[in-house]
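Participant: Below are the structure tokens for one structure; questions will follow.
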Ligand code: NDP
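Residue numbers (this note's numbering): 34 to 260.
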């Protein structure tokens, strides 16, 4: 049994990660910014810790909340799109929304990792994975637009690469993950796959991660996503 810490675990992909890992018998600690929304997570038998990742002071103090227990797998899942799609078109981008999105999608993942680093170091072979997106890929961007979301995930990818290098000597494996286009609140009803299929695939990808895979950008089907 592993201890798995998932941010933003009250709905969408985070909740599905919690459901599938609980089904496998793992211990799941899910964070949720509004404890009033944690009903589904609690019903799975997960432990719930309140955390708004936009509150960087709370993120910095999160290590004290987790305590000194080992964390085998950290899934940085909490994320936002940053307003409606049309609000990310050229000429429509709101700088304030952009900054708020960078806090949640880019800065908080690093600061949360720093906060729980002692917990990852206490595990025997810890992994830290980050829900990125193909939308953050430079190479895959031929459609343009989505300035806020794309830049926040591209910057997250840079964070992941640096973490992979910096944590290599501590044997913590780090990866950026693309879940596919998934039918969640964020993905909308037209997505290619449902959350169950996405997370079943990502769990296989995570289970197969070896030290030599640290710093890779992998999709739910195991394929490499170009940077
Ligand atoms: P949802 O919008 O369905 O869920 C987002 C989750 O993040 C919710 O639990 C939400 O909590 C939480 N969250 C948002 N902001 C904060 C915050 N400030 N503090 C704490 N929690 C927060 O998104 P998905 O489940 O679809 O996406 C999960 C991850 O996967 C995201 O990082 C997303 O960018 C990525 N992704 C998703 C794709 C898709 O097609 N769905 C494609 C590619 C990547 P609350 O309920 O409180 O809002």
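The beta carbon of each residue, even a glycine, is placed where N, CA and C say it ideally should be.
Any heavy atom of ligand 1 closer than 8 Å to the beta-carbon of residue 171?
Facilitator: As a first step, residue 171 is located in the chain shown; it is residue number 138 there, counting from the start. It does not: the Cβ of residue 171 is nowhere closer than 8 Å to a heavy atom of ligand 1.
Participant: Using alpha carbons as the reference points, say which of 180, 234, 259 lies closest to residue 123.
Facilitator: The count along the chain shown starts at 1 and reaches residue 123 at position 90. If we check each option's Cα against that of residue 123, 180 comes out closest.
Participant: Give a yes or no on whether the C-beta atoms belonging to residue 151 and residue 94 are separated by under 9 Å.
Facilitator: Counted from its first residue, the chain shown places residue 151 at position 118. Counted from its first residue, the chain shown places residue 94 at position 61. No. Outside cutoff.
Participant: What I want to know is whether the C-beta of residue 144 ends up closer than 8 Å to one or more non-hydrogen atoms of ligand 1.
Facilitator: Stepping through the chain shown from its first residue, residue 144 is reached at position 111. Because no heavy atom of ligand 1 lies under 8 Å away, the Cβ of residue 144 does not count as near it: no.
Participant: Taking the beta strand (DSSP E) that residue 109 belongs to, which residues open and close that run?
Facilitator: As a first step, residue 109 is located in the chain shown; it is residue number 76 there, counting from the start. That run of the beta strand (DSSP E) goes 106-109.
Participant: Taking all protein chains shown into account, do 16 or more other C-beta atoms lie within 10 angstroms of the C-beta of residue 101, making it buried, or fewer, making it exposed?
Facilitator: Residue numbering aside, residue 101 sits at position 68 when the chain shown is read from its first letter. So residue 101 ends up on the exposed side.
Participant: Does the Cβ of residue 49 have 16 or more other Cβ atoms within 10 Å, making it buried, or fewer, making it exposed?
Facilitator: Within the chain shown, the letter at position 16 stands for residue 49. Its Cβ being crowded by 16 or more others within 10 Å, residue 49 is buried.
Participant: According to the neighbour-count rule (16 or more other Cβ atoms, all chains shown, within 10 Å of its Cβ), is residue 225 buried or exposed?
Facilitator: The residue labelled residue 225 in the question sits at position 192 within the chain shown. Flag for residue 225 reads exposed.
Participant: Does the contact criterion of 3 or more C-beta pairs under 8 Å hold for the stretch 157-176 versus the stretch 186-195?
Facilitator: With the cut-off at 8 Å, the stretch 157-176 and the stretch 186-195 touch.
Participant: Are residue 213 and residue 229 touching if we call contact CB-CB under 9 Å?
Facilitator: Sequence index remark: in the chain shown, residue 213 carries index 180 (1-based). Sequence index remark: in the chain shown, residue 229 carries index 196 (1-based). Not in contact: residue 213 and residue 229 (Cβ atoms no closer than 9 Å).
Participant: Relative to the alpha-carbon of residue 55, which residue among 44, 79, 173, 41 has its alpha-carbon at the smallest distance?
Facilitator: Sequence index remark: in the chain shown, residue 55 carries index 22 (1-based). Answer by Cα proximity: 79.
Participant: Let me check understanding here. Comparing Cα to Cα, which of 227, 200, 259 lies closest to residue 245?
Facilitator: Within the chain shown, the letter at position 212 stands for residue 245. Ranking the options by Cα distance to residue 245, first place goes to 200.
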